[in-house]
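The opening position of the sequence shown corresponds to residue 124 in the working numbering, with each subsequent residue numbered one higher. Idealized CB from N, CA, C, for every residue including glycine. None of these values were measured; they are calculated from a predicted model. Please read the structure below before turning to the comments.
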Amino acid sequence: MNAVICHGIKTKEAFDKMTVPMCAEIWYPWLQQKLILSGIPTQCPSFTNSYLPARNYSADADIMNRMPINKDTALIGHSFGGGMLVKYLTDNPQIKIAHLVLVSPWIDPFHLFQTYFNKFEPDVNIPQRAHRIDLFYSTDDHYGDLILKSCEKLEKLWPTMHVHKFTNRNHFSASEITKFPELWQILKAHVR
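The following block contains the structure:
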């Protein structure tokens, strides 16, 4: 078993002010450490130019192509990282994985970022290629319908997915959210 954690994006201004890579923010390093201590090699790659409109799908796909992804892999994506994973799995129908976890994913339901998502439609067959799919989101997400409509679309498309709906977690990205025990409990129960 192995895992890959994919981070989201920031505004250009926030990205330029960063003092640590995005892959070392919020709950990502905590989860990575939990997985590693459980004997699961885990990577959290730093995606290039992680702000709009600079984020580039071909660059992201190139990074993902370098990751060891197979039937024993857990892919965990937060926000834009979740949308990127859905697009990556859609574009690579040969990939089979153990677990897909999406946390407040953005799949661009209003087609606002066509240079990246290009009006793609998530593959309806991803549940047949992932042993388990979990979706985490909060109804008070500060990105509103950008995230809520993404989650709604995925819930309709993949009705067998396990949905974990919160009302008070916003976007799971506040600086004080350095741990994510609910996600860890799911992973701990299903990763081997």
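- Item | Span of the beta strand (DSSP E) around Tyr260 | For the purposes of this step, residue 260 is taken as the residue at position 137 of the sequence shown. For Tyr260, the enclosing beta strand (DSSP E) covers residues 253-261.
- Thinking C-alpha only, which one of Arg292, Ala312, Glu244 is nearest Lys279? Here residue 279 is taken as the residue at index 156 of the sequence shown, counted from 1. For Lys279, the nearest C-alpha among the options comes from Glu244.
- Task: Go ahead and pull the three-state DSSP assignment for Ile300.
- Result: The residue given as residue 300 occupies position 177 in the sequence shown. The answer is coil: DSSP assigns Ile300 none of H, G, I, E or B.
- Task: Take His130 as the anchor and find which of Ala312, Pro168, Pro232, Pro191 has the nearest alpha-carbon.
- Result: In the sequence shown, the residue the question calls residue 130 occupies position 7. Taking only the C-alpha atoms, the option nearest His130 is Pro168.
- Item | Start and end residues, beta strand (DSSP E) containing Ile132 | By one-based count along the sequence shown, residue 132 stands at place 9. Careful: Ile132 lies outside any beta strand (DSSP E) and carries neither H nor E.
- Message: Using a Cβ distance threshold of 8 Å, determine whether the region 231-246 contacts the region 150-162, with at least three qualifying pairs required.
- Response: Here the region 231-246 does not lie against the region 150-162, with fewer than 3 beta-carbon pairs under 8 Å apart.
- Taking contact to mean at least 3 C-beta pairs separated by less than 8 Å, is the region 228-243 in contact with the region 279-298? no
- Under a three-way DSSP split, which group does Gly200 fall into? The residue you call residue 200 lines up with position 77 of the sequence shown. In the structure shown, Gly200 sits in a strand (DSSP, three-state: E or B).
- Task: Taking 7 Å as the cut-off, decide whether the C-beta atoms of Tyr174 and Phe138 are in contact.
- Result: The residue you call residue 174 lines up with position 51 of the sequence shown. The residue you call residue 138 lines up with position 15 of the sequence shown. Their beta carbons are under 7 Å apart, which means Tyr174 touches Phe138 by this criterion.
- Under 7 Å, do Ile218 and Ala253 count as touching if we go by C-beta distance? Within the sequence shown, the letter at position 95 stands for residue 218. Within the sequence shown, the letter at position 130 stands for residue 253. Cβ atoms of Ile218 and Ala253: not closer than 7 Å.
- Message: At the level of alpha carbons, what is the spacing between Pro216 and Ile249?
- Response: The residue labelled residue 216 in the question sits at position 93 within the sequence shown. The residue labelled residue 249 in the question sits at position 126 within the sequence shown. Roughly 8 Å separates the two Cα atoms.
- Message: So the candidates are Pro144, Ile186, Pro191; which of them puts its Cα closest to the Cα of Ile124?
- Response: What you label residue 124 is simply residue 1 of the sequence shown in a count that begins at 1. The question names Ile, but residue 124 in the sequence shown is Met. Among Pro144, Ile186, Pro191, the Cα nearest to that of Met124 is on Pro191.
- Query: What's the call for Arg178, buried or exposed, on a 16-neighbour Cβ count within 10 Å?
  - Reply: Indexing the sequence shown from 1 puts residue 178 at position 55. Buried, since its Cβ has 16 or more Cβ neighbours within 10 Å.
- Which residues bound the alpha helix (DSSP H) around Phe240? Locating residue 240 in the sequence shown gives position 117, counting from the first residue. Start and end: 237-240.
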